[in-house]
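In what follows, a single structure is set out as structure tokens and then discussed.
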Amino acid sequence: MTFYEKEINRISDICYSNEKQLETVIETKNYIDNNFYNDLSLNVLSYTRFVSKYHLLRLFKKYYGLTPRQYLIDKRIEKSKENLKKGMTVTETCFAVGFESVGSFSALFKIKTGKSPAQFQKEQLSRSS
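Residue 166 is where the sequence shown ends in this note's numbering, and the numbering goes up by one at each step.
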């Protein structure tokens, strides 16, 4: 059981939440985890769970503390770190994790990690040598 699932269970015990809400949120998170490299808009996510996009947004934020978009970005950054550590180029990594522009990927990566993708990769590769 992941940290997020444990937290959802803990919160549900406190709030006596609707089981369907929990199922919707967990399945949405799982869908993002398995399809992070695709173009995932709120419309797509709500369609996969047959729920209003605004309702999904509120539920996801309530249980995870992040919007689905924020979670998706964090997931992509996490996966991009793995790819960069394995030696993929910045451009290959950018497109492999679902970003559409190397410039926006690099800027977002730097905001989230404090380093550019190239700096991050250089540090990781020098550590492993």
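For each residue, glycine too, the CB sits at the ideal point set by N, CA and C.
Since this is a predicted model, take the numbers as computed values, not measurements.
(message) Between which residues of its own chain and Arg47 is the CB-CB distance below 8 angstroms, once the five residues before and five after are set aside?
(response) Excluding residues within five positions, none has a Cβ falling inside 8 angstroms.
(request) Can you grab the Cα-Cα spacing for the pair Phe172 / Tyr101, in whole Å? (result) With the chain covering 38 to 166 only, the question about residue 172 has no answer from this structure.
(request) For Lys152, name the three-state secondary structure that DSSP assigns. (result) In the three-state reduction of the DSSP assignment, Lys152 falls in the coil class.
(request) Sort Gln58, Glu115, Ser138 by Cα distance to Thr150 and report the nearest one. (result) Closest in alpha carbon position to Thr150, among Gln58, Glu115, Ser138, is Glu115.
(message) In this structure, how does DSSP classify Gly102 when only helix, strand and coil are distinguished?
(response) Residue state, collapsed to three classes: coil.
(message) Quick check on the burial criterion: 16 or more other C-beta atoms within 10 angstroms. Buried or exposed for Thr61?
(response) Answer is buried; the Cβ neighbour count reaches 16.
(request) Locate the alpha helix (DSSP H) running through Tyr74, then write down its first and last residues. (result) Where Tyr74 is concerned, there is no enclosing alpha helix (DSSP H), given that its DSSP letter is neither H nor E.
(message) Rounded to the nearest angstrom, what separates Phe146 and Val139 at their Cα positions?
(response) One Cα belongs to Phe146, the other to Val139, and the distance between them is close to 10 angstroms.
(request) Please report the residue range of the alpha helix (DSSP H) in which Phe132 lies. (result) Start and end: 127 to 133.
(message) So, at 7 angstroms on beta carbons, what are the nonlocal neighbours of Asn75 in its own chain, with the 5 sequence-adjacent residues on each side left out?
(response) Excluding its 5 nearest sequence neighbours in each direction, Asn75 has C-beta neighbours in its own chain below 7 angstroms: Gly135, listed in chain order.
(request) Have a look at Glu119, Leu93, Ser78 and flag the residue whose alpha-carbon is nearest the alpha-carbon of Glu64. (result) Among Glu119, Leu93, Ser78, the Cα nearest to that of Glu64 belongs to Leu93.
(message) Taking its Cβ as the centre, do 16 or more other Cβ atoms sit within 10 Å of Arg113, making it buried, or is it exposed?
(response) The residue in question, Arg113, is buried, as its Cβ has 16 or more Cβ neighbours within 10 Å.
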